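Worksheet: the structure to be examined is printed underneath.
Residue numbers (this note's numbering): 3 to 363.
As structure tokens, then:
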């Protein structure tokens, strides 16, 4: 990497911008110590790198762009949807930064391959897959998503990009058809949602918005073991760096009646990559499923995100009674909180990517 003629020895350290969303005041006040990413700052600094805050908002996108052009690498933690804001401005900006020779993780093009619900359809043949359908247009959805699918049991519909359960629906038949109408029960995964009985055709109209801007809907069978919890497998590149186990309440029917409180998820209990209960899952992720995903999606190892995760539900036990695992989503845009071991792994991966980049330059 080129050095400015006036740089000191300290300034030779590669600069790493850490990007997260915030307002103007947050950008002015940001330091390596006063934010939730402080342990990542510490891990990077411990390896001789020079991390710096790069708080982003559309209001001062040009300013952030200039900052990112002056660093060596960029690590990004920005959700696809956040209080009505999207990454419509940020993603083209990051592409320009990458084209200018800066390492960006996760690159927006990699997010569009991995960090969208469509990946569940594209990788349905991998051992983590189930009977998965994809609708790319509202007309296809209207024609194909019919009561005969629901007769075999509830389905889960997912918009392509989102977070916090937005646009993820459990859908099941609610009884016999009323005249020409087919009544269904729908429950969104968003916190505080309650079941709603609605005509199937009205619900399909409600889903039209998910097809805007090249969106799509992914359709999977509901996993009956959902109440047993979800396992989040944290990855750095192609290596498992930890696990998070949590009893989830999204898509679990809440209690009815006055005064009933909404269901709350249990705490996410973090485990190191070496935790014994998850070694089968670890082996499959590192040796089978991640390489197969990369081959299917056309992703090189050097482009894998510095930090990402795969969320698994328990599938039906196999013939020997062992657990199986069903992928319910991959998170790439903003993976946090993370296991205690992850910041050091992120730092090591970042240093390795920069070294490889320097050798190939």
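Built from N, CA and C at the ideal position, the CB exists for glycine as well. Bear in mind that the values here come from a model prediction, so they are computed numbers and not experimental data.
Q. Taking three-plus beta-carbon pairs below 8 Å as touching, is the region 158–173 in contact with the region 75–92?
A. Inter-segment contact for the region 158–173 and the region 75–92 is present: three or more beta-carbon pairs are separated by less than 8 Å.
(Q) Ignoring anything shorter than 3 residues, give me the beta strand (DSSP E) runs that lie fully in the region 197–281, in order along the chain. (A) If we require 3 residues or more, the beta strand (DSSP E) runs fully inside the region 197–281 come out as 198–201, 219–223, 232–238, 241–248, 271–273.
Q: To the nearest angstrom, report how far apart residue 339 and residue 275 are at their CA atoms.
A: Counting only the Cα atoms, residue 275 lies some 15 Å from residue 339.
Q. Hey, quick one: how far does the beta strand (DSSP E) through residue 20 stretch, first residue to last?
A. Taken as a continuous stretch (DSSP letters only), the beta strand (DSSP E) holding residue 20 covers 17–23.
Q.
Would residue 310 and residue 128 be called neighbours here (beta carbons separated by less than 7 Å)?
A. No, these two residues do not count as a Cβ contact at 7 Å.
Q. How many Å lie between residue 322 and residue 282 at the Cα?
A. Between the alpha carbons of residue 322 and residue 282 lies a gap of roughly 14 Å.
Q.
Can you check which of these residues, 125, 43, 221, is closest to residue 300 by C-alpha distance?
A. Looking at the Cα atoms, 125 is the closest of the given residues.
Q: With distances taken Cα to Cα, identify the nearest neighbour of residue 38 among 158, 354, 350, 336.
A: Ranked by how close their Cα comes to the Cα of residue 38, the residues 158, 354, 350, 336 have 336 in first place.
Q: Using the Cα positions of residue 175 and residue 154, report the straight-line distance between them to the nearest angstrom.
A: If you draw a straight line from the Cα of residue 175 to the Cα of residue 154, it comes to about 10 Å.
Q: Indicate the three-state DSSP secondary structure (helix, strand or coil) for residue 50 in the structure shown.
A: Coil, per DSSP.
(Q) For residue 30 and residue 62, what's the separation of their Cα atoms in angstroms? (A) Cα-Cα distance, rounded: 12 Å.
Q: State the Cα-Cα distance for the pair residue 109 and residue 51, rounded to the nearest angstrom.
A: Roughly 20 Å between the two C-alpha positions.
Q | Proximity of residue 53 and residue 46 at Cβ, strictly below 7 Å | A | In contact: residue 53 and residue 46 (Cβ atoms closer than 7 Å).
Q.
In this structure, how does DSSP classify residue 160 when only helix, strand and coil are distinguished?
A. The DSSP-derived three-state label of residue 160 is strand.
Q) Using 8 Å as the Cβ pair cut-off and three pairs as the minimum, do the region 214–222 and the region 136–144 touch? A) Yes: the two stretches touch, three or more of their Cβ pairs being nearer than 8 Å.
Q. Between residue 306 and residue 328, what straight-line distance do the alpha-carbon atoms span, to the nearest angstrom?
A. Taking the straight line joining both Cα atoms gives about 21 Å.
Q | Proximal residues to residue 88 (C-beta, below 7 Å), its chain only, five neighbours per side dropped | A | Excluding residues within five positions, the ones whose Cβ falls inside 7 Å are 82.
Q: Would you grab the beta carbon distance between residue 228 and residue 250 for me? Rounded to a whole angstrom, and I think it's under 8 Å.
A: Confirmed, about 7 Å.
Q: Please check the pair residue 119 and residue 161, which I expect to be a contact at CB under 8 Å, by giving their CB distance rounded to whole angstroms.
A: That belief holds up - the Cβ atoms of residue 119 and residue 161 are roughly 7 Å apart, short of 8 Å.
Q: Whole angstroms is fine: what's the gap from residue 285's alpha carbon to residue 163's?
A: Note on geometry: alpha-carbon atoms of residue 285 and residue 163 lie some 28 Å from one another.
Q) Given a threshold of 16 other Cβ atoms within 10 Å of its Cβ, counted over all protein chains shown, does residue 238 qualify as buried or as exposed? A) So residue 238 ends up on the buried side.
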